[in-house]
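Undergrad:
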């Protein structure tokens, strides 16, 4: 393999039997930085509420560390799984996603928390099914787009069929209800189909239809409508529908350039609801200021860029399924990060989405790290394919 075909941002390790494993150290470094930074900030945001309600200041940290360990183990397992095999299994994975999303709506199986039925409770452990379903669905969409590229490019029906499936999954998520997860999953899947070659005019037309549909869903639900009106003018009801957002804005405003200092947030002291989950970014902004905000955004931008860089490498290697999977990870990560930060800053209505790998959320942490393992697997297979192509060219030249 030539130096141009092998990224300097990686290292190769021999397995001892002539096999080489390529690891993308840039992705690993970015993920490690985000996870460690998140653990610090999540602990700072949750220590008071954990001590008050559990008597254990590090209660949430301990549970999050367990989730990190499970996620790393899951990521390592996925790394050993060939993408070709994953592509063959994709129809079954889609069926599994639908079954799980139906199961969580069944009383007795689905666990109701804060008015939503989003969790399955098995063997003493609760898992948010939408986190797993999103990965399974996007794997199938990548497989469909890789197999039906010509149909996507040439016909309207080629785009409508996978979108109908995405609409079905979104409807199941809305039944929980989980409007935020439905929005991100649908948008990421739509983006993957566009990257696979769907015609721009069809994409624009269906984007407008989807936006109108989600808008109608938002305003026809009293719960979601309260969130929207609270977002438009939170100060009109600072102790009612706008309470969470006003407290978030106060926290961000107090941060100024360099923050009030790590651990010194006032808003996390029972003023800001969900300070260690959905509104962790507000506590981060208060304690670390604009400097911490820019660092956080920079880390996520770097990881999204790396995902699309790996997708580009896979495209050059002729690995369409892998290219779309890597791009799907980048789309999902970028969208969810943007929405979470936008919600915290009052730019978007409250969606109930975590800041990936930083907010407290065991299901989210586990599945995001599994996604990372898949991204690393794509990088490995891309370099293996590129090496093989370089060797073939060298043999032909000789």
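Residue numbers (our numbering): 66 to 463. For glycine and all other residues, C-beta sits at the position ideal for the given N, C-alpha and C. These figures come from a predicted structure and were not determined experimentally.
1. Using the rule of at least 16 other Cβ atoms within 10 Å of the residue's Cβ for burial, across every protein chain shown, is residue 69 buried or exposed?
2. By the three-class DSSP mapping on this structure, what secondary structure does residue 121 have?
3. When DSSP labels each residue in this structure, what does residue 89 get in the three-state scheme?
4. Is there contact between the segment 303-314 and the segment 395-413, where contact requires at least three CB pairs shorter than 8 Å?
5. Measuring CB to CB, does residue 264 end up less than 9 Å from residue 228?
6. Taking the straight line between their C-alpha atoms, what separation do you get for residue 443 and residue 388?
7. Rounded to whole angstroms, what's the CA-CA distance from residue 50 to residue 375? Just pull it up for me.
8. Using the rule of at least 16 other Cβ atoms within 10 Å of the residue's Cβ for burial, across every protein chain shown, is residue 321 buried or exposed?
9. Helix, strand or coil for residue 186, going by three-state DSSP, please let me know.
10. What do you get for residue 276, buried or exposed, if any count of 16 or more other CB atoms within 10 angstroms of its CB means buried?
11. Which of helix, strand or coil does DSSP assign to residue 192?
12. DSSP three-state call for residue 156: helix, strand or coil?
13. Please list, in chain order, all residues of the same chain as residue 384 whose beta carbon is under 8 Å from its beta carbon, the five residues on each side excluded.
14. Measure the alpha-carbon distance for residue 234 versus residue 153 and round it to whole angstroms.
15. To the nearest angstrom, report how far apart residue 452 and residue 350 are at their CA atoms.
16. Please state the DSSP three-state secondary structure of residue 172.
17. With a cut-off of 8 Å on the beta carbons, I'd call residue 419 and residue 343 a contact; round off their distance for me.
18. Kindly provide the ranges of any alpha helix (DSSP H) runs that are 4 or more residues long and lie completely inside the segment 233-285, ordered along the chain.
19. Does the Cβ-Cβ distance between residue 230 and residue 205 come in under 9 Å?
20. Could you check if residue 421 is buried or exposed, using at least 16 other CB atoms within 10 Å of its CB as the buried criterion?
21. Over the uninterrupted alpha helix (DSSP H) stretch that includes residue 332, give me the two end residues.
22. Answer yes if the segment 109-127 comes into contact with the segment 322-338, meaning at least three C-beta pairs across the two stretches below 8 Å, and no otherwise.
23. Check the C-beta distance from residue 382 over to residue 391 and give it rounded, since I have them as a contact under 8 Å.
TA: Based on what the coordinates show:
1. The predicted position of residue 69 is uncertain, since its pLDDT is 39 and thus under 50; a value taken from the coordinates is nonetheless stated next. Residue 69 should be labelled exposed.
2. In the structure shown, residue 121 sits in coil (DSSP, three-state: anything other than H, G, I, E or B).
3. Here residue 89 sits in strand by DSSP.
4. The segment 303-314 is in contact with the segment 395-413.
5. No. Outside cutoff.
6. Looking at the two C-alpha atoms, the distance is approximately 8 Å.
7. Outside the displayed range of the chain (66 to 463) lies residue 50, so it cannot be described from this structure.
8. Classification for residue 321: exposed.
9. Three-state DSSP puts residue 186 in a strand.
10. With fewer than 16 other beta carbons inside 10 angstroms of its own, residue 276 counts as exposed.
11. Residue 192: strand per DSSP, three-state reduction.
12. In this structure, DSSP gives residue 156 a helical state, which the three-state scheme calls helix.
13. Hits under 8 Å: 148, 443, 446, 447, 450.
14. Distance from the CA atom of residue 234 to the CA atom of residue 153, rounded to whole angstroms, is 21 Å.
15. CA-to-CA, the gap between residue 452 and residue 350 works out to about 45 Å.
16. Here residue 172 sits in strand by DSSP.
17. Contact between residue 419 and residue 343 is confirmed by a C-beta separation of about 6 Å, below the 8 Å threshold.
18. For the segment 233-285, whole alpha helix (DSSP H) runs of length 4 or above, ordered along the chain, are 244-260, 265-284.
19. Against a cut-off of 9 Å, the Cβ pair of residue 205 and residue 230 comes out as a contact.
20. Classification for residue 421: buried.
21. Segment: none, residue 332 is in no alpha helix (DSSP H) and carries neither H nor E.
22. Counting Cβ pairs under 8 Å, three or more are found: they touch.
23. Contact flag wrong, Cβ pair sits at about 11 Å.
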